[in-house]
Amino acid sequence: MSSREDILQSIRRNTQVRYEKPDLSELEKEAVVYPDKVKQFCDIMKLTGGRAVVVESGDDVNEIIRRQYPEARRIASNLMSIVCLGKEQKLACAAFHPDDVANPGDLDGTDLAIVAGRVGVCENGAVWVQQDVEQRAVYFISEALVLVLDRRNLVNNMHEAYKRIDTGEYGYGVFISGPSKTADIEQALVMGAHGARDVTVLLV
Amino acid sequence: MSTKHSRNAEKFLKDKEQVRWHDQTLWMVRAKRDNMSRQLPEWERLRDMACAIKMYSNSHLDLLLQEFEKNAQANGAHVYWAKDADEYCSIVYNILRAHSVKHFIKSKSMLAEECGLNEFLEEKGVEVVESDLGERILQLMHKKPSHIVMPAIHIKKEEIGELFVKEMGTEPGNNDQTYLTHAARKNLRRKFIEAEAAMTGANFAVASTGECVVCTNEGNADMGTSQPKIQITAFGMEKIVPDRESLGVFTRLLARSGTGQPITTYTSHYRKPRTGGELHIIIVDNGRSRILADKEHVKTLNCLRCGACMNTCPVYRRSGGYSYTYFIPGPIGINLGMLKAPLHYFDNVSACSLCYSCQNVCPAKVDLADQIYRWRQKLDGLSVASSSKKVMSGGMKALMEHPHLFNLALRNASVVNGLPQWMVYNGLNDWGKEHDMPQFAKESFNEMWKKNKIK
Amino acid sequence: MYENQNRNETMKVGLFIPCYINAVYPQVGVASYKLLKSLGVDVDYPLDQTCCGQPMANAGFENEAHGLAKRFDRLFGQYDYVVGPSASCVVFVRDHYGNLLAEESHRCATEEKIYDICEFVHDVLKPASLRASFPHKVSIQNSCHGVRLMHLSSPSELNVPYYNKLRNLLSLVEGIEVVEPERPDECCGFGGMFAVEEHAVSGQMGRDKVQRHIDTGAEYIAGADSSCLMHQNGIISRNNLPIKTIHVVEILASGL
C-alpha cells in the first residue's frame, strides 16, 4: 500500500470527534475598522519601518520617487505609467523591465524596484502583490522597493483583504509589510536582512 | 530529586547576567505581544475562532488533505506523502538527485529540524545552506536552535562577530548588529543565486486552493524560491487550513502572538511552479495521525509554532532552550516531546510550575498546562516518576489519610523548628538551597481550635 | 452594622484550613474564622481535616489524592459552603474532584460549593464596608491559580477589562495603600514540588518576584495563597530583604 493510503487510513482510524466548521461572520463583523484609512495606513507603515506617501493632485510621481531615492541608478519596473487621482502619469524614472534579464540572479544590484500593489491592509501595513512579471525575484532582491497602491484599495483588516483577493487566479502572491528585517542578533532590529532595506508605498 | 532539565537549568542559571538578559529580552517580546493583542477589541474571539478552525481542520484531515492534493496537482505541483522522517528525507533527496543539485538553500523549517533533514542530506554530499540569519549562524557554529522563532537568542553578538570574521571576512572586533547582518546579507546573496534548488516549510497549506503560505520577516523564503527553478515545500499535515477565509484569522494572530508585530514582513502564497520550474510539495505525518486518537493531547495539533508560550513561560525564560531535551523547548515542546517518545523526553515534564500563562497566550488555545499536568499523572505508569518525589508524595498521603498522625506531626512541628520529615524527606536540602525553612507555629490551628482559643 | 449580616446567618459554612496553613500559618485560619463570623456567617470547623491532595496530584500522583478527596468530600458534605484561605487548594478541589471522584457512588459534590475566602467574601457576602484598618502600603501577590484558574483578577495575557477582587476587598480597609508589581501576575515560582525538583529556577523566580514587590515601595506582599507567600518568605528571610508577607484575610480581619 502507498504511503498516501497508509496515512489516510491512519487518519481515518484515529480521528475521534469530527468538529463543525466555525462561522466566522461574527468575527468579521466585529473586526477592527478605521475611520480614516489613509491616515491609519500611513501610521502603521511607520511602525513597519517603511513609509507611505500620499500623492496629491499636481504631484509628479517621478519627482517623488527621485526625491526619496536620489542615489538609485539601476531602477527596475514593469509599469509604464501610474494613474494618480484619475490622471495618467508616464513612469520615466525606471531604467529597465525586470524581465529583460536572462536569469533572476542578474537582478542582483538593482537599486530600486517599482511595482504595483493591489490591496493595502490598514491594520498591519501589508500590501498584496500578485506576480505580474516573470522574475518575481525583483520584489525581494532590490535594495529598495516602491509599491504603487490606489488608495481606494485600502481595506481595514485581513478578513477584508482575503475577500478582495479571493477571486484572483494567481501563481504567486505576497503580502509585503515594510522592509525586510531581522532581530536574530541579540534581538536588535536591523532592516535589510535579505529583501528590500527600504519600502515606500505610494498611495495614488 | 532532579531531572535533566533541572540540572541543565541550574547550570544556565549560574551566569546571572545572561539569565537576566534572556528573561528580560523574551519578556519584552511578551509585552509587545500584549500590546498588539490590546489593539484589537476582537482579540479573544480571534483566538476562539483560530482554535475552532483547527479543531475542524484537524478532525477532517483526510478530506482536507485530499482536497489540497487535488488542487495542488491542478496547479501543476507534484505532491508526495511521507509517513515518517526517513521517507520525508528520502523524498527530498531523490528530488535533489534527479536534478543533480549540489547547492541547496533552505528557509527555516521546524519540520526539517524534527526530521534531521540537514544531517541526512549532508551525509549524501549535498551542501545545505540555511538562509534565515539565526539558523545560518547556528549552522556555522554547529549548534541547534534554542527557540523556534528566535533560534539564536542564546548567542551573544561577540561570538557572532568572531564567527563572521572567519566565515564572511568581516572586520575583527566589529560586532555591530547592523554591520554583521548586512555582511550576512551579502554573503548569502551569492548562496541564493548559485543554488539549484530551494526549500521552505509552510505555516499554512490551504485546501481550497492548493497553495502553501510561508511567513518570514527576512524575505529569505522568497529570495530562495525566486532564484532556482526547483522549489520544495514540506509541511506537517496539521498545517492544513480549509480556505483563505481561515488565513484571515491566522495571519492576524501569528506574528502578533509570536513577535509582537501586526504581521510578518512577508506572507507569501505559493500556488504554481514558476514558468519552466517545478514545485514539489511533501505532506508529512511522522506521528501526527497517531496523536489524533489521543483525546487528552490532540489539541497540540492546533499549534501554530509562534513561540508565544516560550516567551511567556517563566521557566523557559530562566532556563534557556538548551535545558530541554527535546528540540522544541518550552511548554509546547514539553508536550510534543512526550507525544514523540515519553521515555526519551520525560525529563522536561518537571519544567513547569503550572502557572497557566502559556494557555492564555496561545493563539490557537492549546491547553498546554493542563496537558503537562496530565503527563505528570502518567509518569508513574511509565516507571519514570521521580522516586524521591514518589516517596514524598506517598509519605504525605499516608500521613494525610490518618488525621491522628497528621495531628501528631502538627504538635511536633514547632519542636523540630523546621519542616517536619513528612513534608520534606530528601527534598529538604534542595528547598534549603534557595530558601530558609518556614517557621512552624507554636500551636497549630487544630490545637488552637481544640483548646477553644479561636473565637 | 453590615447589610448582609442577617441573611448570612442562615448559611452554614465549613471552614477548610489547608495542611500547611494549619501548621505554619494558623493565624491565617484564625483571621478567616473571625472575618466570616464578623460578617454574620455560621462557621464550623470540622476536625480531622488534613490535606486536599493537590501537592501529590501536581507532582504526578493523582491516585494518591483520591483517598484524600474522598475524605474531604465526606467531611464537608453537610455544609452549604466550604470556604478556605487558599485559592490554589480551593481551585484544585473545584477543578479536579469531579474527575477524581467520578467513580464514587456517594458524592457530596463539595467542588460545587467550595470558595476561596476572598472570593466568597467578594462574590457571595459582598460587604459594603469592613471594620478593618491597616495603615500600610501593600503589593498584591496575584497568584497564578487565583488569577488564571479562579479568576480573582483579570489575567495580564487576556484582552479583557481590568478587575481585581483582592484590590476591591483591600480598598475597603482604612488607611491602606494598594499597589501591584511590574509583571503583575508572573509566577513566583512555588508550584508545590516544583520548588524542590526545579529549585534553581524556582529560587530565581522567587527572587525576581520579591524584588518586583520591593520595587513598588510596599511594606507587605499581600496574597490569597499562603503557599506563594511561604515560598517568598523563605526567599526574603534567606536574603534579608526589606519586605514582609501577609495573607489578605489577615488584613481584612485586622480590626477584629
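Residue numbers (the working numbering), protein chains in the order written: chain A, 2 to 205; chain B, -11 to 443; chain C, 42 to 297. The C-beta atom is built at its ideal place from N, Cα and C for all residues, glycine as well.
| field | C-beta atoms of L155 of chain A and G179 of chain A nearer than 9 Å | value | Contact flag unset, no.
| Going along the chain, which residues of its own chain have a beta-carbon closer than 7 Å to the beta-carbon of A190 of chain B, five neighbours each way excluded? | Leaving aside the five residues that flank A190 of chain B on each side, the residues in its chain whose CB is nearer than 7 Å to its CB run, in chain order, C200, V201, V202, T221, F223, K227.
| request: On a CA-only basis, which of B:S214, B:T169, B:R173, B:M298 is nearest V191 of chain A? Give me that one, please. | output: Per the Cα distances, B:T169.
| field | E239 of chain C versus B:A209, B:T252, B:K430, B:S(-10), residue with shortest Cα-Cα distance | value | Per the Cα distances, B:S(-10).
| query | Taking the continuous alpha helix (DSSP H) assigned at H390 of chain B, which residues delimit it? | reply | No alpha helix (DSSP H) holds H390 of chain B; DSSP gives it neither H nor E.
| request: Establish whether the CB of V191 of chain A and some CB of chain B are separated by less than 9 Å. | output: Chain B contact via Cβ: present.
| In terms of alpha-carbon separation, which member of B:K71, B:Y44, B:I442 lies closest to G275 of chain B? | It is B:K71.
| message | Quick check: the Cα distance between F238 of chain B and H177 of chain C, rounded to an integer number of angstroms? | response | The alpha-carbon atoms of F238 of chain B and H177 of chain C are separated by roughly 47 Å.
| said: Excluding the 5 residues flanking M388 of chain B on each side, which residues of the same chain have their C-beta closer than 8 Å to its C-beta? | reply: Counting only Cβ-Cβ distances below 8 Å, and skipping sequence neighbours, we find F394.
| task | Measure the alpha-carbon distance for K112 of chain B versus V80 of chain B and round it to whole angstroms. | result | One C-alpha to the other measures close to 12 Å.
| said: Along the segment 8 to 35 of chain B, where does the CB come closer than 8 Å to a CB of chain A? Name the residues. | reply: When CB distances to chain A are screened at a threshold of 8 Å, the residues of the segment 8 to 35 of chain B falling below it are T13, M16, V17, Q27, L28, P29, E30, R33, L34, in chain order.
| task | Check the Cβ-Cβ distances between F183 of chain A and every residue of chain B, and say whether any is below 9 Å. | result | Reading off the sequence shown, one finds Thr at residue 183 of chain A, where the question assumed Phe. At least one chain B Cβ lies under 9 Å of T183 of chain A.
| For E64 of chain A, is the classification buried or exposed, using 16 other Cβ atoms within 10 angstroms of its Cβ as the cut-off for buried? | By the 10 Å Cβ count, E64 of chain A comes out exposed.
| query | Applying a beta-carbon distance threshold of less than 8 Å, which residues of chain B neighbour Q182 of chain C? | reply | Contact annotation for Q182 of chain C against chain B: no contact, minimum CB-CB distance about 13 Å [criterion: below 8 Å].
| Which partner residues of W69 of chain B appear in the DSSP bridge assignment? | DSSP lists B:I271 as partners of W69 of chain B.
| query | In its own chain, which residues sit with a C-beta less than 7 Å from the C-beta of D355 of chain B, not counting the 5 before and 5 after it? | reply | If we look at D355 of chain B and ignore the five residues flanking it on each side, its Cβ neighbours are K287, Q347.
| Under 9 Å between C-beta atoms of K283 of chain B and Q17 of chain A | Result yes, Cβ atoms of K283 of chain B and Q17 of chain A sit closer than 9 Å.
| task | Give a yes or no on whether the C-beta atoms belonging to E223 of chain C and I181 of chain C are separated by under 9 Å. | result | Not closer than 9 Å, so no.
| request: Mind checking which residues open and close the beta strand (DSSP E) that includes G149 of chain B? | output: For G149 of chain B, there is no enclosing beta strand (DSSP E); the residue is part of the alpha helix (DSSP H) that begins and ends at 145 to 156.
| message | Restricting to Cα atoms, I'd like to know which of B:A339, B:V7, B:L396, B:W31 is closest to A100 of chain C. | response | Nearest to A100 of chain C by C-alpha distance, out of B:A339, B:V7, B:L396, B:W31, is B:A339.
| query | Can you tell me whether DSSP reads D11 of chain B as helix, strand or coil? | reply | Annotated three-state conformation of D11 of chain B is helix, per DSSP.
| query | DSSP three-state call for N162 of chain B: helix, strand or coil? | reply | It is coil, neither helix nor strand.
| From B:Q427, B:W419, B:A429, residue whose alpha carbon lies closest to that of Q245 of chain C | Per the Cα distances, B:W419.
| Length of the line joining the Cα atoms of Y44 of chain B and A114 of chain A | The alpha-carbon atoms of Y44 of chain B and A114 of chain A are separated by roughly 42 Å.
| Quick one: is R5 of chain A near chain B, going by C-beta distance under 9 Å? | So, interface residue.
| Do you know offhand how far G383 of chain B's Cα is from G108 of chain C's? | Their backbone Cα atoms lie some 14 Å apart in a straight line.
| field | Among B:A329, B:A386, B:G321, B:T300, nearest to S345 of chain B - alpha-carbon criterion | value | The residue with the shortest Cα to Cα distance from S345 of chain B is B:T300.
| Using the rule of at least 16 other Cβ atoms within 10 Å of the residue's Cβ for burial, across every protein chain shown, is D101 of chain A buried or exposed? | So D101 of chain A counts as exposed.
| query | For the putative contact between A(-3) of chain B and V84 of chain C, defined by C-beta atoms under 8 Å, what is the C-beta separation to the nearest angstrom? | reply | A(-3) of chain B to V84 of chain C, Cβ: 44 Å. No contact.
| request: Using a Cβ-Cβ cut-off of 9 Å, state whether S278 of chain C counts as contacting chain B. | output: For S278 of chain C, a Cβ of chain B is located within less than 9 Å of the residue's own Cβ.
| In three-state DSSP terms, what is T49 of chain A? | T49 of chain A falls in the coil class under three-state DSSP.
| query | Taking contact to mean at least 3 C-beta pairs separated by less than 8 Å, is the segment 153 to 165 of chain B in contact with the segment 316 to 329 of chain B? | reply | The segment 153 to 165 of chain B makes no contact with the segment 316 to 329 of chain B; the number of CB pairs closer than 8 Å stays below 3.
| request: Quick one: measure Cβ to Cβ for L121 of chain B and A194 of chain A, integer angstroms, because I've assumed they're closer than 8 Å. | output: Indeed, because the Cβ distance is near 6 Å, the residues count as touching under 8 Å.
| query | In terms of residues, what are the limits of the beta strand (DSSP E) holding I83 of chain A? | reply | Going by DSSP, I83 of chain A is part of the beta strand (DSSP E) stretching over 82 to 85.
| message | Using beta carbons (cut-off 9 Å, strictly below), is P36 of chain A in contact with chain B? | response | Output row for P36 of chain A: interface = no.
| Based on Cα-Cα distance, which residue from B:K94, B:M326, B:T204 lies nearest to C294 of chain B? | Per the C-alpha coordinates, the member of B:K94, B:M326, B:T204 positioned closest to C294 of chain B is B:T204.
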